[in-house]
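Working notes, structure below.
Residue numbers (the working numbering): 161 to 614.
What follows is the structure in structure tokens.
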């Protein structure tokens, strides 16, 4: 335990030492030239210093194999609200006050979009991004993959209670034998998996190695060799491999149609996204990375949030089952409930209280008073970003839910306030608890400010 903590601490120090943010305004042509100079190889992509992240996060199609997600002939309008939110004042410790520019600087923010009542009330770009930039989503894509499964359920193509082996018979006799599609979406298959971002021997990095190699079938071969750690449906364990399997199950259920095509014809074209997007593949003309890396414009992130906020309705047509949003966004099992994801019942190596719960690849915040968040004050982990007295006065984001990706990507959905917030970031590390907490503090303050205007 002590050795693991020391390793994580040293890793954090090294990554924070590389901290730098480029926020100088550039022309589009200058950005292209600058990005070309900073472009990484596939092997470098997941280990970049902060100063190179932005150039690469908006150019994934120049680094990896990808597939286009085609837009339609019309664009869903996102008008500017008459009154813009130009500042947000927030605190993380009930003492120090911060503003909008502080949030952008302190958290390596690359883009912010806030949509309230269908209108844009804030739109900010940083680190060389523009309204045309297509930023990679990382694990935000997991929420999109599960949403596509919801659409397929509505279409009668599959059921959440179907077994994985119904569509992928090659997984009979593996850790995924007896696992349902629902359990994949809930990250509770019971398959043994290590997603510790500070452990380069983790399963996650073997998955990424397979994508870097670009050999068809690498992802599926890795997943077929996993051991079983628990009975299906009894333990939560965050596992990007689960969403890779979700995508493979869906494609098989669709008779071989790829995820990008299905996303295009079901949401991208019908909703009215403004630009083509693209999805990372495991190989040339291969399988989509169901667990991550769809690249799209900031406003199209917002439009997807609106699709979910509107209960999956497009032009009066319900694309999702009637109860899908509540099932997807609210924990349904005790081991997925608020505050329990990383505690003893799930037998994680580093058990701690984390306030979110888990639905179908969506993170949800309890509708009840804040549960707390352990280790935010741990200076060994977080240095001067540790929060010794974290604020607990979260009122306006209770009962909300988010799609979240590493390095600080968010689509936050607040049905009660009819609001969608999108955040792009280039955090120094994949997960930094004080950064995540501060992002929620910012969203809480922005939501409160907008509510007070009504």
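Here a beta-carbon is modelled for each residue, glycine too, at the ideal position from N, C-alpha and C.
3-residue-minimum beta strand (DSSP E) runs that sit fully inside the region 260-313, ordered along the chain: 269-276, 279-285
Extent of the continuous alpha helix (DSSP H) to which residue 468 belongs: 458-469
DSSP-derived helix/strand/coil call for residue 604: helix
Segment contact flag, the region 342-352 with the region 481-496, C-beta cutoff 8 angstroms, min 3 pairs: yes
Under the three-state DSSP convention, the category residue 397 falls into: coil
Residue 574 vs residue 607 beta-carbon contact at 8 angstroms: yes
Under 8 angstroms between C-beta atoms of residue 547 and residue 253: yes
Alpha-carbon to alpha-carbon, residue 414 and residue 318: 9 angstroms
Chain-order list of residues whose beta-carbon lies under 6 angstroms from that of residue 487 (same chain, five-residue window excluded): none
Run of the alpha helix (DSSP H) containing residue 422, from where it starts to where it stops: 419-423
Among 367, 396, 371, nearest to residue 386 - alpha-carbon criterion: 367
Proximity below 8 angstroms, CB of residue 236 to CB of residue 380: no
Sufficient close CB pairs (3 or more, under 8 angstroms) joining the region 295-306 to the region 511-521: yes
Beta-carbon separation (whole angstroms), residue 218 vs residue 294, contact threshold 8 angstroms: 6 angstroms
Touching by the beta-carbon criterion (3+ pairs, under 8 angstroms), the region 454-463 and the region 576-594: yes
The region 353-366 touching the region 388-404, judged by at least three CB pairs closer than 8 angstroms: yes
Cβ-based burial, residue 203 [other Cβ within 10 Å; buried from 16]: exposed
Three-state secondary structure (DSSP) of residue 475: coil
Proximity of residue 314 and residue 481 at Cβ, strictly below 8 angstroms: yes
Pick from 273, 209, 424 that is closest to residue 454, judged by C-alpha positions: 424
Helix, strand or coil at residue 345 [DSSP, three-state]: helix
Every unbroken beta strand (DSSP E) within the region 510-542, with a cutoff of 3 residues, ordered by chain: 516-518, 523-525
Pick from 609, 537, 197, 614 that is closest to residue 595, judged by C-alpha positions: 537
Simplified DSSP state of residue 504, which is helix, strand or coil: helix
Exposed unless 16 or more other CB atoms sit within 10 angstroms - verdict on residue 270: buried
Residue 485, DSSP secondary structure in three states: helix
C-beta atoms of residue 449 and residue 404 nearer than 8 angstroms: yes
Local Cβ density within 10 Å of residue 184, reported as buried at 16 or more and exposed below that: Bear in mind that a pLDDT of 37 at residue 184, under 50, signals an unreliable position, so the model cannot answer this.
Test: residue 554 CB closer than 8 angstroms to a CB of chain B: Included in the structure is just one protein chain, with no chain B present.
Beta-carbon gap between residue 213 and residue 567 smaller than 8 angstroms: yes
Nearest candidate by alpha-carbon position, reference residue 350, set 357, 358, 356, 341: 341
Residues sharing a beta bridge with residue 246, DSSP: DSSP lists no partner for residue 246.
Selected residue, minimal CA-CA separation from residue 564, among 544, 540, 592: 592
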